[in-house]
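Trainee: For reference, the structure I am asking about is given below.
Chains as they are written, first to last, in our numbering: chain A, 73 to 151; chain B, 73 to 151; chain C, 74 to 221; chain D, 74 to 221.
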């Protein structure tokens, strides 16, 4: 089982991270991932962003499946 | 005072009258004009139309001023 | 927006072309306070009537009254919605099926004003302008268009 | 209308041109059951920010997710309104002030379905598509666009 996840960052979040992709060991849940991200990139503490797992938006905490693609999504501003 | 009025007919009404302009002696009111038109052109009895005097739509009977331009307006169907 | 507005001619002879629409859109690129444009286009349908199939609509109008009324509608819509621009074009004469007979174009800083104003304009144009459509049929006859 | 619909690419590189819009309109002249088209265009505004004046927006997207979501929105709108056609185009990359970044186009037999569907589509596109606008300022800095 692939316990590595692909993290994709967009917009302002990619800017704060200084890149658009990370490969990390799966921290298990979205809340755990958020804590780990904020620890690694303190700028993210003040930033607003949500998650999508395998391209589906998630509004609350959820388990991250093995090998998942997890996206960090700041508020949308298309149009 | 010019007691002749210019009658302009449009759309289906012009078709029933067989022309788009008439010059008539002023019959005094819109109701009198309608009666005179229906007498002259019996096809108009079954037709739906309203009046404008000098380009202003009138929803009820009204006096026709001397020299007025009176339009016979079937239901609008622009667009 | 404070300049005086005068009645403009809204009528064009025959169909309204996609190129005219593109040109009208392009003309707004210098107005950099516009955030949204709303456009409505009326297209002639090949309706089936008991007497035959529609192949074209021949539009006529009481032009002077229509222009006065269009101006009145235009002023009322400008007073109600914060618009940057508003354009109305309606065909006269023959417009074939598949061709465009009405072009209504509103622009504003934010999208809602443009959209609401465009809807309202089309509604009022259809209800209040003295314009008539004669639907020409493939049977060589015609029927008078009725707006529902 | 019963044919299966698949996700389409809605993204175009750079600004959407008036010529593309004209071409898209012209493509509908053979669909003679259409009576009304509703179009919304988003245009980049030269907004004044505390940090400078906007000169362009640089759009990026989570493309795969955006296309899936656009397809879902498209299907929902087709299910709700009796439409003949629906087209969505959104820019990626740089779009200068005065240029167009969004083109939404709905067509139907009667005007109300086209207009209501167009409004609803624009609302959902802005709220639900993972797309971001970086507003480039004349001060060489940038701010991230916020949809209100």
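Virtual Cβ for every residue (Gly too), placed ideally from N, Cα, C. Note that the structure is predicted; figures quoted are calculated from it, not measured.
(1) Does chain A have any CB closer than 9 Å to the CB of residue 200 of chain D?
(2) Within its chain, find whatever has a CB closer than 6 Å to the CB of residue 99 of chain B; leave out the 5 residues flanking it on each side and keep chain order.
(3) Look at residue 130 of chain D and residue 199 of chain D and say whether their C-beta atoms are less than 9 Å apart.
(4) Excluding the 5 residues flanking residue 212 of chain D on each side, which residues of the same chain have their C-beta closer than 7 Å to its C-beta?
(5) Between the segment 105-119 of chain C and chain D, which residues of the former have CB atoms less than 7 Å from a CB of the latter, in chain order?
(6) Out of curiosity, what's the CA-to-CA distance linking residue 74 of chain D and residue 157 of chain D?
(7) At what residues does the alpha helix (DSSP H) containing residue 83 of chain B begin and finish?
(8) For the segment 162-186 of chain D, enumerate the residues whose C-beta is nearer than 8 Å to any C-beta of chain A, in chain order.
(9) Just confirm the distance between the C-beta atoms of residue 114 of chain D and residue 165 of chain D, as a whole number of angstroms; I'd bet it's less than 8 Å.
(10) If you drop the 5 nearest sequence neighbours on each side, which residues of the same chain put their C-beta closer than 8 Å to that of residue 142 of chain C?
(11) Please decide whether residue 195 of chain C counts as near chain D, where near means a Cβ-Cβ distance under 9 Å.
(12) Mind pulling the beta strand (DSSP E) runs of 3 or more residues that sit fully within the segment 104-175 of chain D?
(13) Who are the neighbours of residue 145 of chain A on chain D, taking C-beta pairs under 8 Å?
(14) What residue from D/90, D/99, D/215 and D/181 has the CA that sits closest to residue 267 of chain D's CA?
(15) What would DSSP say about residue 75 of chain A, mapped onto helix, strand or coil?
(16) Check the Cβ of residue 192 of chain C against every Cβ in chain D and list those closer than 7 Å, keeping chain order.
(17) Answer yes or no: does any C-beta atom of chain B fall closer than 9 Å to that of residue 146 of chain C?
(18) Are three or more beta carbon pairs between the segment 79-89 of chain A and the segment 110-129 of chain A nearer than 8 Å?
(19) Does the separation of the CB atoms of residue 83 of chain C and residue 152 of chain C fall below 9 Å?
(20) On the CB-based measure, 16 or more other CB atoms within 10 Å of its CB, does residue 155 of chain C come out buried or exposed?
(21) Using a Cβ-Cβ distance cut-off of 9 Å, determine whether residue 95 of chain D contacts chain C.
(22) Alpha carbon to alpha carbon, what distance is there between residue 215 of chain D and residue 167 of chain D?
(23) Closest Cβ-Cβ distance between residue 91 of chain B and chain C: below 9 Å?
(24) Looking at the strands, I want to know which residues DSSP matches up with residue 128 of chain B.
(25) Mind pulling the chain B residues with CB within less than 8 Å of residue 219 of chain C?
(26) Pop quiz: residue 145 of chain A and residue 135 of chain D are said to be a contact at Cβ under 8 Å. What is the actual Cβ separation, rounded to whole angstroms?
(27) Tell me the rounded alpha-carbon separation between residue 142 of chain A and residue 83 of chain A.
(28) In whole angstroms, give me the CA-to-CA distance for residue 135 of chain B and residue 75 of chain B.
(29) Measuring CB to CB, does residue 172 of chain D end up less than 9 Å from residue 89 of chain D?
(30) I want to verify the contact list: residues of chain D whose CB lies under 7 Å from the CB of residue 127 of chain A, in sequence order.
Mentor: If we stick to the structure as given:
(1) yes
(2) 105 and 108
(3) no
(4) 124 and 125
(5) 105, 106, 107, 108, 109, 110, 111, 112, 113, 114, 115, 116, 118 and 119
(6) Because the pLDDT of residue 74 of chain D is 47, which lies under 50, any placement of that residue in the model is unreliable, and the number read from its coordinates should be weighed accordingly. Distance between the alpha carbons of residue 74 of chain D and residue 157 of chain D is about 7 Å.
(7) 83-89
(8) 163, 174 and 175
(9) Wrong, their Cβ atoms sit about 17 Å apart, outside the cutoff.
(10) 201, 202 and 203
(11) So, interface residue.
(12) 109-116, 125-134 and 156-169
(13) 135 and 203
(14) Any answer about residue 267 of chain D is impossible in this case: the structure gives chain D only from 74 up to 221.
(15) coil
(16) 188
(17) no
(18) Touching, per the Cβ criterion.
(19) No, the Cβ-Cβ distance between residue 83 of chain C and residue 152 of chain C is not below 9 Å.
(20) exposed
(21) Judged by the 9 Å Cβ criterion, residue 95 of chain D is in contact with chain C.
(22) Take the alpha-carbon of residue 167 of chain D and the one of residue 215 of chain D: they are about 13 Å apart.
(23) no
(24) B/125
(25) Listed along chain B, the residues sitting closer than 8 Å to residue 219 of chain C by beta-carbon distance are 147 and 149.
(26) 7 Å
(27) 15 Å
(28) 12 Å
(29) yes
(30) 137, 138 and 141
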